[in-house]
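What follows is one structure encoded as C-alpha cells, with my remarks underneath.
Numbering (our numbering), first residue to last: 167 to 632.
Structure (C-alpha cells):
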C-alpha cells in the first residue's frame, strides 16, 4: 500500500476507533476499509474530499454527542413523545464551551431581530424570527430575494408547531403519518396560516404557511434556545446554488452577516421536500421534490392504508395559478445557478432522426465554438460509473475539471454533492462553463434533476454509444 493510501487508511481507522464505544474495531470492518482504499483506482481530490467529510462528520458526532442526545430523536419513544421530550430538555450541556457559547450568542442575535446562518441537514439556512416582520425582512434584503417568494418556517417541537397554527386546527390523517415517519427531517408541510401569528411577509400574503422540523442538532438547539420559530431559506444570494458548508456562505454573503454557525457539511445536500396535503381529495401533492423521496412518501402512506395518491407537480399535474403566485419557494424563479453558463447534457439515445455527437466530438466542438476557445475551462459534473463519466475521464483533457456525483445506483450521493460541485467548480477551479450529466428521475434523482433543470440555461445531447 502506497504512503498516500496508507495515510487515508490510518486516518479512517483512527476516527472510527475514537467513535467506537468499545474503543476497538472488529477485524472485518478494518479489512472492509482496507479493501476500499486499496481498490480505489486513484486517490483523487474528490475521493479525498469524501474521506475528509466522513472524518469531519465523525468528529462532529463526538463533539455534539450531548447535543444530539438532547435534540435528536429518542428511538425508544413514539414520534410525538420523542419530539416533545427533546424539546422540553433545558440547557445546552455540550462538551465544548465554545459550542455552547456560539449557539447562545446566535440565539441572542436572533432575538435582537438580526439574521443568523445555521446548518441544517439539507442546506445552510439564513434564519430570522418567523413571527416578526422586521426580522424577516432582513432575510429578503440580505439575499436580494423577491418579496413574492414565500419562506419556510422551522420549528423544534410539536408544541411550537401547534402554537403557530390557527386555534383548534386538526391535522389531516395523512399529516400524522408523514410527521411520524419523517419529522424531524427534510420534509416541509403546508398548513393553514394564522395571520395574527405569521406575518404576510413570510407567506407572500398566501393563506398557507410552509413548516418543517429540521433534524440537525445545531438547528434544533438554536430554535429551541431562541424559543421562537425561525424563517430560513438557503443562505445564498437569490438564484445562486444553495450552500452545503459554512465555507460556501462566506464568499457570497459573508460581508452581510453577523454570525455563521459552522456545523460541518450537510448530510442531505438538497432542500426539503415540500408537500401540500390540504386538498379536499386528500391526495398528497409534492410541490418541490427534495430530501424525502416520493417513493418514501408513497411507502409510508401505503403502510398506513387508504388510497391517497402522491402527485408530483409538473410530472403528474400542473397548476398555472399556483406557479404565478407560489405557496412555497422554488416554484417561480430561476434558482441554483452559478455565475457561469450551465448546460444539462442528455446522454439517453437521441430520438429517431436526431444525430448527436460522441463524447470526444462534443468536446472538440465545444472548445472550437466557445468564447474562450482553447483556453476555455470546462467543469463537468457526472456519475462515476456511467458511460459518459468513464469517457470524459478517459479524455484526460487539461482544460476539463471533473466533479464526481457518485455512483448511478446511489443517487443520494449526487444529491449531497450537487451544490458543492456547482460552487467548487466556479470558486476553486475557475471554470468558464459547466456541464451536468442527466440522471434517472427516481429516488433522490428527482430532486437533483429538479435543481439541474432550474440551473441550466440550455440542454444539449450526446451519444455515448459512439
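The C-beta atom is built at its ideal place from N, Cα and C for all residues, glycine as well.
Quiz item: Three-state secondary structure (DSSP) at residue 345?
Solution: Reduced to three states, the DSSP call for residue 345 is helix.
Self-check item: Distance, residue 279 Cα to residue 300 Cα
Solution: Approximately 7 Å between the Cα atoms of the pair.
Quiz item: Which residues mark the beginning and the end of the alpha helix (DSSP H) in which residue 545 is found?
Solution: Counting along the chain, residue 545 falls outside any alpha helix (DSSP H), though it belongs to the beta strand (DSSP E) covering 544–548.
Practice problem: Counting only runs of 3+ residues fully inside the stretch 423–496, write out the beta strand (DSSP E) ranges in chain order. | Solution: You should have 439–442, 450–454, 476–478.
Quiz item: Taking the continuous beta strand (DSSP E) assigned at residue 208, which residues delimit it?
Solution: Judged by DSSP secondary structure, residue 208 falls outside any beta strand (DSSP E); it is assigned neither H nor E.
Quiz item: From residue 511 to residue 456, what does the alpha carbon distance come to, in whole angstroms?
Solution: Rounded to the nearest whole angstrom, the C-alpha separation of residue 511 and residue 456 is 21 Å.
Exercise. Evaluate residue 616 with the Cβ neighbour count: other Cβ atoms within 10 Å of its Cβ, from every protein chain shown; 16 or more gives buried, anything less gives exposed.
Key: Sixteen is the threshold: when 16 or more other Cβ atoms of the shown chains lie within 10 Å of the Cβ of residue 616, as they do, the residue is buried.
Quiz item: Is DSSP giving residue 561 helix, strand or coil here?
Solution: Taken through DSSP and simplified to helix, strand or coil, residue 561 comes out as helix.
Quiz prompt | residue 454 versus residue 433: straight-line alpha-carbon distance, rounded | solution = Cα-Cα distance, rounded: 19 Å.
Quiz item: Near residue 203, what residues of its chain come up, given a Cβ to Cβ distance below 7 Å and the 5 sequence neighbours on each side ignored?
Solution: Exclusion of the five residues before and after residue 203 leaves 171, 174, 175 as the residues of its chain whose Cβ lies within less than 7 Å of its Cβ.
Quiz prompt | Closest Cα partner of residue 447 within the set 415, 564, 472, 632 | solution = It is 472.
Quiz item: So what's residue 203 in DSSP terms, helix, strand or just coil?
Solution: It is helical.
Quiz item: Relative to the alpha-carbon of residue 381, which residue among 373, 610, 345 has its alpha-carbon at the smallest distance?
Solution: Nearest C-alpha to residue 381: 345.
Self-check item: Option nearest residue 565 by Cα separation, candidates 504, 443, 598
Solution: Nearest in C-alpha terms to residue 565, of all of 504, 443, 598, is 598.
Self-check item: Per DSSP, cross-strand counterpart(s) of residue 601
Solution: DSSP output for residue 601 lists 509, 546 as bridge partner(s).
Practice problem: In the DSSP assignment, find the unbroken alpha helix (DSSP H) run with residue 567 in it and report its ends. | Solution: In the DSSP annotation of this structure, residue 567 is not part of any alpha helix (DSSP H); the continuous beta strand (DSSP E) holding it starts and ends at 566–570.
Practice problem: Report back the beta-carbon spacing between residue 470 and residue 343 to the nearest angstrom; my notes put them in contact at under 8 Å. | Solution: Right, the Cβ-Cβ distance comes to about 5 Å (below 8 Å), so this counts as a contact.
Quiz item: In the structure shown, what three-state DSSP assignment does residue 294 receive?
Solution: Shown here, residue 294 sits in a strand according to DSSP, grouped into three states.
Practice problem: Could you work out which residue in 222, 306, 468, 503 is closest to residue 405 when comparing CA atoms only? | Solution: 503 is the residue among 222, 306, 468, 503 whose C-alpha sits nearest the C-alpha of residue 405.
Self-check item: With 16 other Cβ atoms within 10 Å as the buried cut-off, status of residue 557
Solution: By the 10 Å Cβ count, residue 557 comes out buried.
Quiz prompt | Limits of the beta strand (DSSP E) - the one that residue 416 falls within | solution = Per DSSP, residue 416 belongs to no beta strand (DSSP E); it is in the alpha helix (DSSP H), 412–419.
Quiz prompt | residue 331 versus residue 313: straight-line alpha-carbon distance, rounded | solution = For residue 331 and residue 313, the gap between their C-alpha atoms comes out near 23 Å.
Quiz prompt | Reference residue 291, options 323, 427, 211, 169, closest by Cα | solution = Of 323, 427, 211, 169, the residue nearest in Cα terms is 427.
Quiz prompt | Supposed close pair residue 320, residue 378 - CB separation, criterion 8 Å | solution = In this structure residue 320 is in contact with residue 378, their Cβ atoms being roughly 6 Å apart against a cut-off of 8 Å.
Practice problem: Throw me the rounded Cβ distance for the residue 165 and residue 412 pair, which I believe falls under 8 Å. | Solution: No statement about residue 165 is possible, as the shown extent of the chain runs from 167 to 632 and does not include it.
Quiz item: residue 361: buried (16+ other C-beta within 10 angstroms of its C-beta) or exposed?
Solution: Residue environment for residue 361: exposed (fewer than 16 other C-beta atoms within 10 angstroms of its C-beta).
Practice problem: Look up residue 555 in the DSSP assignment and say whether it is helix, strand or coil. | Solution: Note: residue 555 maps to helix in three-state DSSP.
Practice problem: Look up residue 620 in the DSSP assignment and say whether it is helix, strand or coil. | Solution: Helix at residue 620.
Practice problem: Please work out which residues of its chain come closer than 8 Å, Cβ to Cβ, to residue 574, disregarding the five sequence neighbours upstream and downstream, and give them in chain order. | Solution: Take residue 574, set aside five residues on each side of it, and the residues of its chain with a beta-carbon closer than 8 Å to its own are 549, 550, 551, 552, 605, 606, in chain order.
Exercise. Keeping to the same chain, check which residues put their C-beta closer than 7 Å to that of residue 246; ignore five residues upstream and five downstream.
Key: Interpretation of residue 246 is limited by its pLDDT of 49, a score under 50 that renders its predicted location unreliable; the figure taken from the coordinates is listed afterwards. These residues qualify, in order along the chain: 324.
Exercise. Keeping to the same chain, check which residues put their C-beta closer than 6 Å to that of residue 627; ignore five residues upstream and five downstream.
Key: Contacts found: 512, 516, 522.
Quiz prompt | Per-residue DSSP class, three states only, for residue 400 | solution = In the structure shown, residue 400 falls within a strand segment according to DSSP collapsed to helix, strand and coil.
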